[in-house]
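Novice: This is the structure, below, for whatever I ask next.
Chains as they are written, first to last, in the numbering used here: chain A, 2 to 257; chain B, 6 to 298.
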């Protein structure tokens with residue numbers, strides 16, 4: 002967290018003025034088995050917002066995303082997605098309710114390679130169009146993804162298992178963008194990519210028109226987020242620590 | 006005993022066992038369940054078809070349809086009993102194995118209780134006619150079996166390639182965790198998978214009943230053959246299962262011709278072991294060019 006210099010008190014639980022709250026998390030705890038990873042976390046994300054979530058490995062960024070999607074071992078606390086309660090006290094069954102959460106408008110773009118090796122790029126993008134509307138419009142939506150990631154056009158009929166790491170990440174992100182989502186959770190989009198490719202992937206994410214939706218990007222490299230997101234929140238030991246907004250001009254130490 | 010007769014027999018058996026193997030393979034790779042109740046579903050759908058032929062009509066299509074429908078219902082029953090309650094509990098693979106084994110034992114005993122130990126036979130659903138093809142006599146049931154099983158399996162595979170549910174099933178076969186992230190409901194897809202694979206078992210049961218009788222325990226041998234073909238082809242690979250069915254069918258034909266019928270199972274398993282020693286992922290390991298993980 003030393004990366005963020007301008008620290009302010011913990012975020013207040015109200016959407017930004019004139020905006021709608023896409024995600025409201027209250028008192029969320031989550032973990033796996035006996036281990037508690039997220040501790041009583043409160044977070045609000047307003048519409049049209051790009052939020053950066055920074056923190057070291059093992060401090061709960063991915064677990065927070067998984068908890069929102071109902072994929073952790075257990076969880077408790079309130080998660081309101083577009084005003085609908087999707088969080089519940091759960092002790093087992095990770096993933097049982099995930100598809101209902103996704104139907105409420107969540108697109109989770111997971112860390113690493115959560116892809117289907119044998120499906121082609123095209124089928125892969127189709128699989129992301131979960132809601133009936135997205136499925137009907139899937140042709141137009143695919144065109145949009147190809148516009149964001151031009152390298153995918155040539156690879157349409159190629160099984161994803163044969164692609165390179167950067168191409169896979171593009172497919173994975175593209176799959177998330179196919180959905181009718183109002184909240185995009187992007188987990189470490191640049192992890193394991195060469196800096197140049199990582200930057201272009203992030204640029205592509207920035208080029209997505211958010212309109213009424215919101216995007217949360219978990220990232221370790223604060224310098225990459227600088228100037229690209231509206232707000233940055235630090236995460237440490239399962240809690241949110243400190244916040245900096247782009248309006249305040251958050252500074253990062255370059256040597257980190 | 007001429008070679009044409011044996012080869013045509015082997016092709017027929019390969020088609021039927023291949024159908025079973027594909028069903029088992031799809032079940033295992035998409036819902037993660039080794040369905041030991043598959044033999045029970047097989048026997049159950051045989052009885053379903055028999056009931057239809059006794060009390061409704063002996064029309065071939067109706068009997069076949071009744072068998073497939075009973076199989077699909079049986080598959081959904083197994084799904085409701087052995088998949089839905091335990092699929093998110095720890096050690097699901099072993100629990101599912103035991104649960105399906107229990108369903109199989111209870112189910113076959115129930116069939117024995119209801120229908121008695123006497124074997125039943127189905128009407129000849131493909132009629133009585135013969136084709137002479139270059140000295141080989143092909144009877145109606147052989148041609149009907151081969152054509153029907155290939156047509157139905159092809160239809161199922163095409164459906165899995167082109168439809169949305171098929172896409173969901175294939176996605177779940179490749180990465181269940183990512184499938185739930187994308188928003189695919191595991192339980193709903195489980196019902197689809199089990200209904201379809203159950204229907205395939207029903208199809209195989211009716212087709213095999215053209216050669217053998219229907220009995221409460223008649224599903225055991227076909228299931229063992231199906232499992233071994235699925236293993237040999239690489240669990241989860243449909244193309245692998247098809248090739249394995251052909252290879253093992255040919256092996257069966259050649260062994261019974263050259264060595265004698267009693268050696269069939271020996272050479273069968275030696276062949277499977279050799280294939281799995283060379284290619285631990287089965288024949289699919291040779292087909293699959295995609296990079297893993």
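For every residue, glycine included, the Cβ atom is placed at its ideal position computed from N, Cα and C. None of these values were measured; they are calculated from a predicted model.
1. Which complete alpha helix (DSSP H) runs does the segment 140–197 of chain A hold, if anything under 4 residues is left out?
2. Check residue 76 of chain A in the structure and name its three-state DSSP category.
3. Using a Cβ-Cβ cut-off of 6 Å (strictly less than) and excluding sequence neighbours within five positions of residue 184 of chain B, which residues of its own chain qualify?
4. Let me make sure I understand the geometry here. Which of A:161, A:177 and A:203 has the alpha-carbon closest to that of residue 121 of chain A?
5. When the cut-off is 8 Å and only beta carbons count, does residue 25 of chain A lie next to chain B?
6. Buried or exposed: where does residue 230 of chain B fall if 16 or more other Cβ atoms within 10 Å of its Cβ makes it buried?
7. Can you look up residue 90 of chain A in the DSSP assignment and give me helix, strand or coil?
8. If we cut at 8 Å on Cβ distances, does residue 288 of chain B have a partner in chain A?
9. Which same chain residues end up closer than 7 Å to residue 13 of chain B when comparing Cβ atoms and leaving out the 5 residues on each side of it in sequence?
10. In the DSSP output, what is residue 216 of chain A paired with across the bridge?
11. I'd like to know if the segment 186–202 of chain B and the segment 181–191 of chain A are in contact, where contact means that at least 3 CB-CB pairs between them fall below 8 Å.
12. Find out if the Cβ-Cβ distance for the pair residue 239 of chain B, residue 287 of chain B is shorter than 8 Å.
13. Need the endpoints of the alpha helix (DSSP H) that residue 232 of chain A sits in, please.
14. Quick check on this structure: which residue in A:127, A:133 and A:132 has the alpha carbon closest to the alpha carbon of residue 146 of chain A?
15. Residue 76 of chain B and residue 207 of chain B - do their beta-carbons sit closer together than 8 Å?
16. Can you give me the C-alpha to C-alpha distance between residue 181 of chain B and residue 238 of chain A, rounded to a whole angstrom?
17. Listing by chain order, which chain B residues have their CB less than 7 Å from the CB of residue 127 of chain A?
18. When every heavy atom of the ligand GTP is checked, does at least one fall within less than 7 Å of the C-beta of residue 143 of chain B?
19. Please report whether the beta-carbon of residue 68 of chain A lies at a distance below 8 Å from any beta-carbon of chain B.
20. When you compare the segment 9–27 of chain B with the segment 254–270 of chain B, are there three or more beta-carbon pairs, one atom per stretch, that lie closer than 8 Å?
21. Of all Cβ atoms in chain A, is any one closer than 8 Å to the Cβ of residue 284 of chain B?
22. Mind checking residue 32 of chain B: buried by the 16 CB within 10 Å criterion, or exposed?
23. Check residue 242 of chain B in the structure and name its three-state DSSP category.
24. Can you have a look at residue 36 of chain A and say buried or exposed, based on whether 16 or more other CB atoms are within 10 angstroms of its CB?
25. Which full runs of the alpha helix (DSSP H) of 4+ residues lie inside the segment 202–255 of chain B, going along the chain?
26. Might you give, ordered along the chain, the residues of its own chain that have their beta carbon closer than 8 Å to the beta carbon of residue 149 of chain A, omitting 5 neighbours on each side?
27. Quick check on the DSSP output: the alpha helix (DSSP H) that includes residue 100 of chain A runs from which residue to which?
28. Rounded to whole angstroms, what's the CA-CA distance from residue 65 of chain B to residue 103 of chain A? Just pull it up for me.
29. Between the segment 181–197 of chain B and chain A, which residues of the former have a C-beta closer than 7 Å to a C-beta of the latter?
30. In chain A, which residues lie less than 7 Å from residue 176 of chain B when you measure between Cβ atoms?
31. Rank A:22, A:62, A:25 and A:46 by C-alpha distance to the C-alpha of residue 240 of chain A and give the top, closest one.
32. Restricting to Cα atoms, I'd like to know which of B:63, B:62, B:105 and B:98 is closest to residue 81 of chain B.
33. Could you check where the alpha helix (DSSP H) with residue 27 of chain A kicks off and where it finishes?
34. For residue 24 of chain A, count neighbouring C-beta atoms within 10 Å of its own C-beta (all shown protein chains included) and say buried if the count is 16 or more, exposed if not.
35. Which ranges does the beta strand (DSSP E) cover as unbroken runs of at least 3 residues, wholly within the segment 32–61 of chain B, from first to last along the chain?
36. Just to check my reading of the structure: residue 223 of chain A and residue 46 of chain A have Cβ atoms closer than 8 Å, yes? What is that Cβ distance to the nearest angstrom?
Specialist: The answer reads as follows:
1. 166–178
2. strand
3. 176 and 177
4. A:161
5. Look at residue 25 of chain A: its C-beta is not under 8 Å from any C-beta on chain B.
6. buried
7. coil
8. no
9. 141, 143 and 147
10. Answer is A:51 and A:185, bridged to residue 216 of chain A.
11. no
12. yes
13. Membership of residue 232 of chain A in any alpha helix (DSSP H) is not indicated; the residue belongs instead to the beta strand (DSSP E) covering 232–237.
14. Nearest to residue 146 of chain A by C-alpha distance, out of A:127, A:133 and A:132, is A:127.
15. Contact flag set, yes.
16. Taken atom to atom, the span from the alpha-carbon of residue 181 of chain B to that of residue 238 of chain A is near 29 Å.
17. Correct list: 172.
18. Of ligands this structure carries none, so the ligand GTP is not represented either.
19. no
20. Output reads yes: the segment 254–270 of chain B touches the segment 9–27 of chain B.
21. no
22. buried
23. coil
24. exposed
25. 225–238
26. 175, 178, 205, 208 and 209
27. 99–104
28. Rounded to the nearest angstrom, the gap between the Cα atoms of residue 65 of chain B and residue 103 of chain A is 45 Å.
29. 182, 183, 185, 186, 187, 188, 189, 190 and 191
30. 117, 120 and 128
31. A:62
32. B:105
33. Careful: residue 27 of chain A lies outside any alpha helix (DSSP H), inside the beta strand (DSSP E) at 22–33.
34. Burial check for residue 24 of chain A: the Cβ neighbour count within 10 Å reaches 16 or more, so the residue is buried.
35. none
36. That belief does not hold up - the Cβ atoms of residue 223 of chain A and residue 46 of chain A are roughly 19 Å apart, past 8 Å.
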